[in-house]
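One gets the numbering used here by counting positions in the sequence shown from 1 and adding 85 to each.
Structure first, commentary second.
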Amino acid sequence: MTPVDIRKRFSESHDPLRDPDAVRGDHDLNPGFRLPRDRLREAAVLVPLVDRPEGLTVLFTQRTAHLSAHAGQISFPGGRRETADTSPEDTALRETEEEVGIARDHVEVVGRLDTYLTRTGFRVTPVVGLLKPPFAVSPDPTEVDEVFEVPLTVILGPAMPERHSREFMGQQRYFYAFPYEQRYIWGATAGMLVNLRDVLAEAR
């Protein structure tokens with residue numbers, strides 16, 4: 086898969102704005118697990134696809150262990166919308182620059198994935214962007230422990246995603262997971278990767 090394929094797929098087929106009620110979330114694998122949509126906080130993340138000579142990769146961050154929320158988890162760069170942000174794209178690009186030091190002029194925004202609702206109370210807009218090296222990475226040590234990349238072929242591979250479960254609030258909850266080497270990508274990040282797989286399926 087090439088950047089041309091990515092642009093083509095998003096420009097021709099995928100527009101979540103056409104159906105704002107079509108959302109994904111932590112409830113996808115757990116029927117009956119619903120969230121109060123009127124009290125959700127707005128947020129956005131960047132789903133960064135890096136155009137490496139050996140093929141596209143997906144860039145992730147590993148959060149620091151001392152954070153009060155999602156400590157140590159693997160995520161996309163992003164965060165809450167601020168009043169000065171003009172759009173979800175603006176939020177995602179600002180947060181990416183703040184968290185990992187990648188300036189917005191290195192990012193070509195190609196589209197959005199479906200809105201994602203989290204059990205922690207966020208309505209997240211995933212913004213997909215193509216990154217062309219070289220670019221500098223300078224993680225914010227208060228938020229990001231490490232920045233790393235996973236080949237897109239791994240994310241799109243036939244063995245992915247896995248379905249795992251654990252007990253939460255006295256009930257068994259199911260979720261997607263993408264194990265890679267010694268890493269474990271799960272939760273909202275994995276749910277967004279499932280959406281990315283769906284969008285890119287016809288381009289393979």
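Virtual Cβ for every residue (Gly too), placed ideally from N, Cα, C.
If you draw a 10 Å sphere on the C-beta of PRO219, you find fewer than 16 other C-beta atoms in it, and that means exposed. Our two residues, THR205 and LYS93, have alpha carbons roughly 34 Å apart in a direct line.
By the Cβ-count criterion, ALA177 is buried, with 16 or more other Cβ atoms from all chains shown falling within 10 Å of its own Cβ.
For the segment 146-206, the full-length alpha helix (DSSP H) segments reaching 4 residues or more read 173-185 along the chain. Judged by DSSP secondary structure, PRO236 falls outside any alpha helix (DSSP H) and instead within the beta strand (DSSP E) spanning 229-236.
The way I'd put it, the segment 242-252 doesn't touch the segment 135-150; fewer than three beta-carbon pairs between them come closer than 8 Å. Judged by their CB atoms, GLY164 and ALA128 are nearer to each other than the 8 Å cut-off. For SER250, DSSP records a beta bridge to TYR259. Between LEU202 and PRO211, the C-beta gap is not smaller than 8 Å, which leaves the two residues out of contact.
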